[in-house]
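Heads up, the thing below is written out as structure tokens.
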Amino acid sequence: MMTTTTTTTTATTTENSSSQNDAPAVSDVSSYDQVQLLWQQLTDKRAKLGDVKHQMARRRQELRSLRHRKDQADNAFMSIIRPLLVSQRGLPPISAQVLDSRMAAMQDLRDDYHRRESDYEALELKMDEEEKELHALETRFFTLLAAGRSRVERDGLCRDDASEAEPGPPSDVPYVLRGISADKPSEDLHPLYVELTSAMGDLENAKEEHQDLLYVKEQYEYEVRLKRTTGKKTTAETEDFFREFPAEEAKMRAAVSRLEGRVERLKERCEAKRVMRKHMSVRMAYALDPRTKFEDLELEDAGSILARHRTLAHAVYPEILSQPDHVLAEPEPLTSLQALRAAARLPDGEAGKRERQRRAGKEYSIDSLMQGEGADNRGDLVNRWLLQQLRQSPLNVHLLHSTFLASRSLKIRDLWRWQHDVLYYWWRDDTARATQGMARRITSAGSSYSSRLGTPKMSRAASDGQVGCHDRTSARQDSDGALTVTG
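The sequence shown maps to residues 0 to 486 in numbering that gives the first Met the number 0.
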């Protein structure tokens, strides 16, 4: 009987201890879910608040520009009214029309300005609401995080004490993997640097408000000079502004000076603690140190550059690659078709006419590879696209050259002839068979500037035999009508 009672008591104690151990685990999971949810809400709220601030900055620029235009419209309207008030005469018909148009423009600008100002005030209210919600979320998030951290530490101490007497199963997930740690990762900005950026933003806003005040002062001064020329008195609003301006301007200057001092102190602290951001934006770097000299790239003038580049031919693969010299034409660039027509209009006795026709025809054929018929034949379309990419990319030609050397284990003795072999056999190998329509489109009858230049069927560009001299100006027609330069 005594043994039974002891066994029952032990089992009950074990169940109670296991239930007590399970309770913190459930609580930990629930706390982790809450932290994760709050962090997501906090991120979304910060992004939303940043978007509202971006919209407000854009609206401020629009209001500043619209205010300037509105003042210009007011001045233009008063430039017509002022002489009439002084002379006390009626309006001529032309002046009446101009007056109506300027008054309508002035009224439209005023309406637009008031509408945008109302939108900006609505954004200010929205920003205040978002900031309140963000503050509440941050308070809940960090409170829950701190409570979870303290509970984990307490549980860890209890487990350390209990592990000596009664070993238990280790924790499945470390604390650092249970959520967002209070210790920020090293790539995050230091709080001191964040405070510096916030102070810099306040300083920029204070400077902007001071500039706005000076701009308003200029407008009032112009209005005063205008009224003096017409013999009118200034308004009470103008007098109030000039009476309050010295104190208001001194207050803003003091705010700017105070913020400049705060920014300078924070900057020194950041530099002393080495928490300054290594790669900050150009605007931030210039704001912190206006004496910073940025490296300027000195570019040569267009004349000296063009003097060294008379042609756009590639130095190694001039036959395969495109040579768009027509974009350097004077007095203005030409298209490939315009260059071809210009070459055809040259006199027959012109020495370079044949060569210009050949180059222009080559460029036009490259540009027109993806035009015209053949849309129903996908293989032909892909083949033409690959050829166009090859003839427009030196990297692709170099890759083709390297692949040829690696796969064939041959040495190319005549690079010029190898280029023509590539163009000739592109349409004649077993993997790419051009359609009859494609052949007719690329190779025109009697053309002396076809892009499908080739060699005789027995090419020796990559062979190990003797290589003869090439007559690169003579040509013959092969069996399918493609122009082939003899090798």
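Built from N, CA and C at the ideal position, the CB exists for glycine as well.
(1) Using the C-alpha atoms, what's the distance from residue 305 back to residue 416?
(2) With distances taken Cα to Cα, identify the nearest neighbour of residue 310 among 323, 210 and 107.
(3) With DSSP collapsed to three states, give me the class of residue 100.
(4) Put residue 376 into one of helix, strand or coil per three-state DSSP.
(5) Mind checking which residues open and close the alpha helix (DSSP H) that includes residue 226?
(6) Pick out whichever of 115, 97 and 81 has its Cα sitting closest to the Cα of residue 58.
(7) When you compare only the Cα positions, how much space is there between residue 254 and residue 205?
(8) So does the segment 135-142 actually touch the segment 32-46, counting three or more Cβ pairs closer than 8 Å?
(9) Would you kindly work out how many angstroms separate the C-alpha atoms of residue 33 and residue 109, rounded to a whole number?
(10) Alpha carbon to alpha carbon, how far is residue 77 from residue 229? Give it in angstroms, no decimals.
(11) Should residue 321 go down as buried or exposed, given a rule of 16 or more other Cβ atoms within 10 Å for buried?
(12) Can you find the residues in the same chain that come closer than 8 Å, C-beta to C-beta, to residue 102, ignoring five residues on each side of it along the sequence?
(13) Check whether the Cβ atoms of residue 487 and residue 419 lie closer than 8 Å to each other.
(14) With C-beta atoms as the reference, is residue 209 less than 8 Å away from residue 275?
(15) Kindly list the residues whose CB is nearer than 8 Å to the CB of residue 65, restricted to its own chain and excluding five residues on each side of it in sequence; keep chain order.
(16) Please name the residue in 104, 313, 97 and 265 whose C-alpha comes closest to that of residue 80.
(17) Can residue 313 and residue 393 be called in contact, C-beta distance under 8 Å?
(18) Does the Cβ of residue 327 have 16 or more other Cβ atoms within 10 Å, making it buried, or fewer, making it exposed?
(19) Got a sec, what are the start and stop residues for the alpha helix (DSSP H) residue 368 sits in?
(20) In chain order, what residues of the same chain have a beta carbon less than 7 Å from the beta carbon of residue 369, not counting five sequence neighbours either side?
(21) Looking at residue 219 and the ligand COA, is the gap between the Cβ and the nearest heavy atom below 7 Å?
(22) Would the segment 274-292 and the segment 218-235 be scored as touching if the rule is three or more Cβ pairs under 8 Å?
(23) Are there three or more Cβ pairs, one per stretch, closer than 8 Å when the segment 122-138 is compared with the segment 40-52?
(24) How is residue 322 classed by DSSP in three states: helix, strand or coil?
(25) Mapping DSSP to helix, strand and coil, what is residue 316?
(26) Would you call the CB atoms of residue 144 and residue 44 closer than 8 Å?
(27) Closer than 8 Å is the cut-off here; do at least three beta carbon pairs connect the segment 356-370 with the segment 329-347?
(28) Grouping DSSP H, G and I as helix and E and B as strand, with all else coil, what is residue 287?
(29) Quick one: complete alpha helix (DSSP H) runs, 4+ long, within the segment 391-429?
(30) Does residue 21 pass the burial test, meaning 16 or more other C-beta atoms within 10 Å, or should it be called exposed?
(31) Please list, in chain order, all residues of the same chain as residue 216 whose beta carbon is under 7 Å from its beta carbon, the five residues on each side excluded.
(32) Count the other CB atoms, across all protein chains shown, that sit within 10 Å of the CB of residue 56; report buried if there are 16 or more and exposed otherwise.
(33) Excluding sequence positions up to five away, which residues of its chain have a Cβ less than 8 Å from the Cβ of residue 41?
(34) How far does the alpha helix (DSSP H) with residue 261 in it reach, from first residue to last?
(35) In whole angstroms, what is the alpha-carbon distance linking residue 389 and residue 396?
(36) Measuring only the C-alpha atoms, how far is residue 260 from residue 192?
Result, derived from the coordinates:
(1) 30 Å
(2) 323
(3) helix
(4) coil
(5) 190-229
(6) 115
(7) 7 Å
(8) yes
(9) 50 Å
(10) 11 Å
(11) buried
(12) 76
(13) Because the chain here runs from 0 to 486, residue 487 falls outside it and cannot be looked at.
(14) no
(15) 108, 111, 112 and 115
(16) 97
(17) yes
(18) exposed
(19) Per DSSP, residue 368 belongs to no alpha helix (DSSP H) and is neither H nor E.
(20) 383, 384 and 387
(21) Among the components of this structure there are no ligands whatsoever, and the ligand COA is therefore not found.
(22) no
(23) yes
(24) coil
(25) coil
(26) no
(27) yes
(28) helix
(29) 393-407 and 414-424
(30) In this predicted model, residue 21 has a pLDDT of only 47, less than 50, meaning its place in the structure is not dependable; the value taken from the coordinates is given anyway. Under this definition residue 21 is an exposed residue.
(31) 244
(32) exposed
(33) 133, 136, 137 and 140
(34) 235-272
(35) 6 Å
(36) 16 Å
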